[in-house]
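Residue numbers (full-length UniProt numbering), protein chains in the order written: chain W, 1 to 289; chain F, 1 to 352.
Note that beta-carbon positions come from the ideal geometry of N, C-alpha and C, so glycine has one too.
No experiment lies behind these values; they were computed from the predicted model shown.
Notes follow once the structure below has been shown.
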Amino acid sequence: MADTSQTPLTVRGPARTIAHLWMILGIIIVAFPVYYVFIASTHSVQTILRPPLPLLPGSEAIANYSDAFGGGIDRIGGVSLWRLLGNTTLIALGIALGKIAISMASAYAIVFFRFPFRMACFWLIFITLMLPVEVRIQPTYKVMVDLGLIDTYAGLILPLIASATATLLFRQFFMTIPDELLEAARVDGAGPWRFFKDILWPLSRTNVAAIFVIQFIYGWTQYLWPLLVTNSNEMNTIVIALKKMISFADADTPWNLVMVTSILAILPPVLVVVLMQRWFVKGLVETEK
Amino acid sequence: MAHILLKDLRKSYAGQEVIHGITMDIPNGEFVVIVGPSGCGKSTLLRMVAGLEGISAGTIEIDGRVVNDLEPRQRDIAMVFQNYALYPHMSVRENMAYGLKIAKMPKAEIDAAVTRAAKMLELEPYLDRKPRALSGGQRQRVAMGRALVRTPSAFLLDEPLSNLDAKLRVQMRMQIKDMHLNTGQTTLYVTHDQVEAMTLADRLIVMNKGIADQIATPHEVYETPATEFVAGFIGSPAMNIFTVTAEAGMAVLPGGHRLPLPGLAAHGKVRLGLRPEDLEIVDASTAAIPVVLRSIEWLGADAFGYGMIDGSDALVTLRLAGSTGAKRGDRVHVAPKEGRLHLFSAESGKRM
Ligand SMILES: Nc1ncnc2c1ncn2[C@@H]1O[C@H](COP(=O)(O)OP(=O)(O)O)[C@@H](O)[C@H]1O
Ligand SMILES: [Mg+2]
Numbered sequence: 001m002a003d004t005s006q007t008p009l010t011v012r013g014p015a016r017t018i019a020h021l022w023m024i025l026g027i028i029i030v031a032f033p034v035y036y037v038f039i040a041s042t043h044s045v046q047t048i049l050r051p052p053l054p055l056l057p058g059s060e061a062i063a064n065y066s067d068a069f070g071g072g073i074d075r076i077g078g079v080s081l082w083r084l085l086g087n088t089t090l091i092a093l094g095i096a097l098g099k100i101a102i103s104m105a106s107a108y109a110i111v112f113f114r115f116p117f118r119m120a121c122f123w124l125i126f127i128t129l130m131l132p133v134e135v136r137i138q139p140t141y142k143v144m145v146d147l148g149l150i151d152t153y154a155g156l157i158l159p160l161i162a163s164a165t166a167t168l169l170f171r172q173f174f175m176t177i178p179d180e181l182l183e184a185a186r187v188d189g190a191g192p193w194r195f196f197k198d199i200l201w202p203l204s205r206t207n208v209a210a211i212f213v214i215q216f217i218y219g220w221t222q223y224l225w226p227l228l229v230t231n232s233n234e235m236n237t238i239v240i241a242l243k244k245m246i247s248f249a250d251a252d253t254p255w256n257l258v259m260v261t262s263i264l265a266i267l268p269p270v271l272v273v274v275l276m277q278r279w280f281v282k283g284l285v286e287t288e289k
Numbered sequence: 001m002a003h004i005l006l007k008d009l010r011k012s013y014a015g016q017e018v019i020h021g022i023t024m025d026i027p028n029g030e031f032v033v034i035v036g037p038s039g040c041g042k043s044t045l046l047r048m049v050a051g052l053e054g055i056s057a058g059t060i061e062i063d064g065r066v067v068n069d070l071e072p073r074q075r076d077i078a079m080v081f082q083n084y085a086l087y088p089h090m091s092v093r094e095n096m097a098y099g100l101k102i103a104k105m106p107k108a109e110i111d112a113a114v115t116r117a118a119k120m121l122e123l124e125p126y127l128d129r130k131p132r133a134l135s136g137g138q139r140q141r142v143a144m145g146r147a148l149v150r151t152p153s154a155f156l157l158d159e160p161l162s163n164l165d166a167k168l169r170v171q172m173r174m175q176i177k178d179m180h181l182n183t184g185q186t187t188l189y190v191t192h193d194q195v196e197a198m199t200l201a202d203r204l205i206v207m208n209k210g211i212a213d214q215i216a217t218p219h220e221v222y223e224t225p226a227t228e229f230v231a232g233f234i235g236s237p238a239m240n241i242f243t244v245t246a247e248a249g250m251a252v253l254p255g256g257h258r259l260p261l262p263g264l265a266a267h268g269k270v271r272l273g274l275r276p277e278d279l280e281i282v283d284a285s286t287a288a289i290p291v292v293l294r295s296i297e298w299l300g301a302d303a304f305g306y307g308m309i310d311g312s313d314a315l316v317t318l319r320l321a322g323s324t325g326a327k328r329g330d331r332v333h334v335a336p337k338e339g340r341l342h343l344f345s346a347e348s349g350k351r352m
């Protein structure tokens with residue numbers, strides 16, 4: 001056998017240096033806009049509007065952030081930043097948890113139960129993958145209007161819950177569970193509910209964590225649907241509010257507050273990823289079997 | 001404790017019948033081994049008894065109660081799976097306790113039952129480990145323990161030892177036999193290994209393509225195989241079986257040798273079976289079969305000689321004494337021992 005420690009990740013000498021430089025360059029390119037947003041959020045509007053923008057943080061950080069939380073944004077949309085963050089959190093959580101609940105339930109049915117038209121159900125779900133939200137947005141909107149769900153959390157969350165992707169992922173995972181495990185549980189006397197609760201759920205936890213992270217971010221960054229289904233500013237998400245803040249003439253836009261809001265809009269998804277990273281990575285690379 | 005009665009049990013998959021009507025009465029406490037080559041329907045039969053597989057026709061009764069439509073848990077059986085099927089996220093203790101927990105047994109009793117089983121299987125040091133931290137043999141014992149704690153009325157095992165190495169297999173085989181002697185539980189045991197089958201069974205079901213060719217004690221199966229298939233499957237090395245022409249008092253062997261067989265009636269073509277140990281080396285005579293040896297396998301106390309009937313390509317296996325002087329290329333004469341030959345119909349394969 002050749003020396004197996006000599007993987008691409010353990011090369012030494014100039015090759016290693018070049019690899020590092022290359023990666024650092026990549027990080028700079030990706031991270032720079034975010035860094036710039038942060039820098040801008042610590043300067044006054046005047047500094048921001050007078051190019052070039054400094055590369056180092058300014059002295060207005062505290063003023064900007066307290067202004068944002070203390071009513072600066074109230075003056076624009078009439079809604080506090082807290083309310084926007086709360087709305088968005090609620091919607092993102094609702095979408096993520098709802099998707100997990102629905103897709104786990106449907107994958108459970110498709111994989112573990114024999115019922116008429118089982119495969120037809122699977123294909124129906126699968127086909128919806130090919131119809132993005134934008135394609136079915138008009139009928140969905142009409143349904144929401146008829147149900148009186150405009151400007152409600154239900155209206156914001158429900159249509160985005162149905163998820164072919166998550167159903168498919170759970171189906172694939174469930175299919176890797178050996179049949180004998182299900183049979184052993186049946187012999188032990190576990191019914192469908194106990195099998196799910198005692199065996200399938202504990203085995204799925206890392207996958208759930210991974211899907212939660214992905215779907216939370218998906219929910220957090222929703223734009224088109226919240227824009228359509230909300231009229232009142234009270235129901236805005238932070239992404240919509242951001243957009244509304246900059247739809248004034250350039251000079252009127254409180255760029256410093258926009259930047260503060262941007263930072264705050266990025267922060268929660270980043271937190272979710274960081275906090276759930278251990279589970280998330282585990283779910284992507286190994287299933288505990 | 002269970003008395004299991006199978007009545008004309010059949011199973012079809014998508015119109016294709018794979019179990020063709022099995023009838024058997026298993027009295028309480030009997031150790032029955034289902035044996036046969038891979039794909040003959042052993043697992044299917046066992047899983048039908050367990051309630052994991054639907055029944056296409058026929059009935060299964062346990063203690064006088066028809067259980068065809070009952071879930072496994074209602075049949076009061078325990079099962080050991082070939083790949084053990086341990087719950088990967090539960091400790092050994094939790095694995096063994098799970099069935100009892102579902103049955104709502106009080107905690108103290110569960111602990112007592114698990115401890116008792118763990119002691120019997122020498123699993124006490126591992127009770128808090130997860131299955132992935134166990135060796136194959138230990139996992140196998142956990143699977144046994146999970147079935148044991150339940151004190152079910154019947155014990156079903158599907159090739160429980162096939163994933164173990166040879167030494168462990170012998171050990172576990174003896175342990176399973178001991179356990180059966182201790183608990184006296186009705187046991188159905190599936191295997192394709194004839195040594196396991198012969199050593200464990202009170203009675204064997206020898207399966208051939210979904211048919212129970214013979215249901216009998218190991219001794220009967222060996223001494224009077226009911227079909228040519230059983231004759232060839234049980235016994236190692238396998239029985240020598242030739243197509244011969246039966247004339248009155250005489251069989252014409254491959255190569256044209258005429259073997260006097262007093263009492264044989266004229267049947268035309270039949271299949272003649274002779275176990276290797278039933279062929280003795282004798283002096284050359286017209287009553288003996290000449291065999292040219294092609295190889296000798298020396299095992300110590302015994303040796304096996306492989307050859308062909310002279311003048312034909314019919315293979316013959318002989319069991320020789322370890323002290324034999326026979327060599328490759330030798331031409332020897334053998335004669336069947338008195339009353340030790342088996343005749344099977346050339347058409348149906350049934351014993352004549
Ligand atoms: N779910 C199934 N669908 C169709 N055919 C099956 C199924 N399970 C088993 N069979 C067929 O039934 C026969 C018996 O299988 P099995 O009982 O597993 O054999 P064994 O355990 O003796 O090796 C095989 O020919 C197999 O192909
Ligand atoms: Mg099998």
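(Q) Tell me the rounded alpha-carbon separation between ASP252/W and ASP146/W. (A) In the first sequence, residue 252/W corresponds to position 252, counting from 1. In the first sequence, residue 146/W corresponds to position 146, counting from 1. Approximately 38 Å, taken between the alpha carbons.
(Q) At a cut-off of 7 Å, would you count GLU180/W as near ligand 2, judging by its Cβ distance to the nearest heavy atom? (A) Along the first sequence, one-based indexing puts residue 180/W at 180. Incorrect: GLU180/W has no Cβ contact closer than 7 Å to ligand 2.
Q: State the beta-bridge partners of MET245/W as determined by DSSP.
A: Walking along the first sequence from the start, residue 245/W turns up at place 245. Answer is none; MET245/W lacks a bridge partner.
Q) In angstroms, rounded to a whole number, what distance separates the CA positions of MET250/F and GLY339/F? A) Taking the first residue of the second sequence as 1, we reach residue 250/F at position 250. Taking the first residue of the second sequence as 1, we reach residue 339/F at position 339. MET250/F and GLY339/F: Cα-Cα distance of roughly 14 Å.
Q) Taking 8 Å as the CB-CB cut-off, is ARG93/F touching chain W? A) Within the second sequence, numbered from 1, the residue matching residue 93/F stands at position 93. By this cut-off, ARG93/F is not an interface position.
Q | Alpha carbon of GLU288/W to alpha carbon of ILE246/W, nearest angstrom | A | As a first step, residue 288/W is located in the first sequence; it is residue number 288 there, counting from the start. As a first step, residue 246/W is located in the first sequence; it is residue number 246 there, counting from the start. Residue placement at GLU288/W is flagged as unreliable, the pLDDT there being 44, under the threshold of 50; the coordinate-derived value follows with that caveat. Going from the Cα of GLU288/W to the Cα of ILE246/W covers about 47 Å.
Q) Are PHE304/F and PRO262/F touching if we call contact CB-CB under 8 Å? A) Locating residue 304/F in the second sequence gives position 304, counting from the first residue. Locating residue 262/F in the second sequence gives position 262, counting from the first residue. The answer is no: Cβ separation not under 8 Å.
Q.
Run through the DSSP bridge pairs and tell me what GLU247/F is partnered with.
A. Residue 247/F sits at position 247 when you count from the first residue of the second sequence. Beta-bridge pairing links GLU247/F to MET250/F.
Q: Can you tell me the Cβ-Cβ gap for GLY51/F and VAL67/F, rounded? I've got them flagged as a contact below 8 Å.
A: Taking the first residue of the second sequence as 1, we reach residue 51/F at position 51. Taking the first residue of the second sequence as 1, we reach residue 67/F at position 67. GLY51/F to VAL67/F, Cβ: 7 Å. Contact.
Q | Straight-line Cα distance separating ASP8/F from LEU279/F | A | Along the second sequence, read from residue 1 onward, the residue named residue 279/F stands at position 279. Along the second sequence, read from residue 1 onward, the residue named residue 8/F stands at position 8. Roughly 39 Å separates the two Cα atoms.
**Q.** Contacting residues, own chain, Cβ-Cβ under 6 Å from THR261/W (five flanking each side not counted)
**A.** Position 261 of the first sequence holds residue 261/W. The residues are LEU242.
Q) Would ILE95/W pass as a contact of GLY219/W if the rule is Cβ separation under 8 Å? A) For the purposes of this step, residue 95/W is identified with residue 95 of the first sequence, where counting begins at 1. For the purposes of this step, residue 219/W is identified with residue 219 of the first sequence, where counting begins at 1. In this structure, GLY219/W lies closer than 8 Å to ILE95/W by Cβ.
Q: Would you tell me roughly how many angstroms separate the C-alpha atoms of LYS119/F and GLN171/F, rounded to the nearest one?
A: The residue labelled residue 119/F in the question sits at position 119 within the second sequence. The residue labelled residue 171/F in the question sits at position 171 within the second sequence. Spanning the two alpha carbons is a distance of roughly 17 Å.
Q. Whose Cβ in chain W lies nearer than 8 Å to the Cβ of PHE105/F?
A. Counted from its first residue, the second sequence places residue 105/F at position 105. In the sequence as displayed, the identity of residue 105/F is Met instead of Phe. In chain order: nothing, as chain W lies at least about 11 Å away.
Q. Using the beta-carbon count (16 or more within 10 Å), is THR317/F buried or exposed?
A. Here residue 317/F refers to the residue found at position 317 of the second sequence. Label assigned to THR317/F: buried.
Q.
So for PRO160/F, helix, strand or coil by DSSP?
A. In the second sequence, the residue the question calls residue 160/F occupies position 160. Of the three classes helix, strand and coil, the one that applies to PRO160/F here is coil, per DSSP.
Q. Going along chain W, which residues have a C-beta under 8 Å from PHE81/F?
A. By 1-based counting over the second sequence, the position of residue 81/F is 81. Under the 8 Å cutoff, chain W gives GLU180, GLU183, ALA184.
(Q) So for GLU288/W, helix, strand or coil by DSSP? (A) Sequence index remark: in the first sequence, residue 288/W carries index 288 (1-based). Residue confidence for GLU288/W is low, a pLDDT of 44 falling below 50, so the modelled location carries little weight; the figure read from the coordinates is stated next. Residue state, collapsed to three classes: coil.
Q) Going by the beta-carbon positions, is the gap between ILE39/W and LEU53/W smaller than 8 Å? A) In the first sequence, the residue the question calls residue 39/W occupies position 39. In the first sequence, the residue the question calls residue 53/W occupies position 53. Taking 8 Å as the Cβ cut-off, ILE39/W and LEU53/W qualify as a contacting pair.
**Q.** SER43/F burial status per 10 Å Cβ neighbour count (16 or more: buried)
**A.** As a first step, residue 43/F must be located in the second sequence, where it is residue number 43. Buried, by the Cβ-count rule.
Q | Closer than 8 Å to chain F by CB, ALA190/W | A | Along the first sequence, read from residue 1 onward, the residue named residue 190/W stands at position 190. Yes, contact with chain F.
**Q.** LYS269/F: first and last residue of the uninterrupted beta strand (DSSP E) it sits in
**A.** For the purposes of this step, residue 269/F is identified with residue 269 of the second sequence, where counting begins at 1. Note, LYS269/F: beta strand (DSSP E), 268-274.
Q: Go ahead and label ALA184/W buried or exposed: buried means 16 or more other beta carbons lie within 10 angstroms of its beta carbon, across all protein chains shown.
A: Taking the first sequence and counting its residues from 1, one reaches residue 184/W at position 184. Per the 10 Å Cβ criterion, buried.
Q) Are there 16 or more other CB atoms within 10 angstroms of the CB of THR17/W, so buried, or fewer, so exposed? A) Position 17 of the first sequence, counted from the first residue, corresponds to residue 17/W. Exposed, since its Cβ has fewer than 16 Cβ neighbours within 10 Å.
Q. How would you list, in chain order, the residues of chain W whose beta-carbon sits under 8 Å from the beta-carbon of ALA85/F?
A. Here the question's residue 85/F lines up with position 85 in the second sequence. Per Cβ cutoff of 8 Å: PRO178, GLU180, LEU181, GLU183, ALA184.
Q. Which chain W residues sit within Cβ distance under 7 Å of LEU52/F?
A. The sequence position of residue 52/F within the second sequence is 52, counting from 1. Correct list: GLU183, ARG186.
(Q) What would DSSP say about ALA265/F, mapped onto helix, strand or coil? (A) Residue mapping note: residue 265/F aligns to position 265 of the second sequence, counting from 1. Here ALA265/F sits in coil by DSSP.
Q: State the DSSP-derived secondary structure class of MET1/W, mapped to helix, strand or coil.
A: Taking the first sequence and counting its residues from 1, one reaches residue 1/W at position 1. Residue confidence is low: MET1/W scores 40 on pLDDT, short of 50, so the model does not pin down where it sits. Its coordinate-derived value is still stated next. Coil, per DSSP.
Q) When the distance is taken between beta carbons, is LEU90/W closer than 8 Å to ILE238/W? A) The sequence position of residue 238/W within the first sequence is 238, counting from 1. The sequence position of residue 90/W within the first sequence is 90, counting from 1. Their beta carbons are not under 8 Å apart, which means ILE238/W does not touch LEU90/W by this criterion.
Q. Exposed or buried, TYR35/W, counting other C-beta atoms within 10 Å across all chains shown (16 or more means buried)?
A. By 1-based counting over the first sequence, the position of residue 35/W is 35. Exposed, by the Cβ-count rule.
Q) Between HIS20/W, VAL45/W, PHE113/W, which lies nearest to TRP193/W when the distance is taken from Cα to Cα? A) Along the first sequence, one-based indexing puts residue 193/W at 193. TRP193/W has its Cα closest to that of PHE113/W, out of HIS20/W, VAL45/W, PHE113/W.
Q | HIS20/W: first and last residue of the uninterrupted alpha helix (DSSP H) it sits in | A | One-based indexing of the first sequence puts residue 20/W at position 20. Unbroken alpha helix (DSSP H) run through HIS20/W: 14-40.
(Q) Does the structure place the stretch 200-212 of chain W close enough to the stretch 102-113 of chain F that three or more beta carbon pairs sit under 8 Å? (A) no
Q: Go ahead and label LEU275/W buried or exposed: buried means 16 or more other beta carbons lie within 10 angstroms of its beta carbon, across all protein chains shown.
A: Locating residue 275/W in the first sequence gives position 275, counting from the first residue. Flag for LEU275/W reads exposed.
Q: Answer yes or no: does any C-beta atom of chain F fall closer than 8 Å to that of SER202/W?
A: Working through the first sequence from its first residue, we reach residue 202/W at position 202. The sequence given here has Pro at residue 202/W, not Ser. Yes, its Cβ sits closer than 8 Å to a Cβ of chain F.
Q.
For ligand 1, is there any heavy atom lying closer than 7 Å to the beta carbon of TYR98/F?
A. For the purposes of this step, residue 98/F is taken as the residue at position 98 of the second sequence. No, the beta carbon of TYR98/F sits no closer than 7 Å to any heavy atom of ligand 1.
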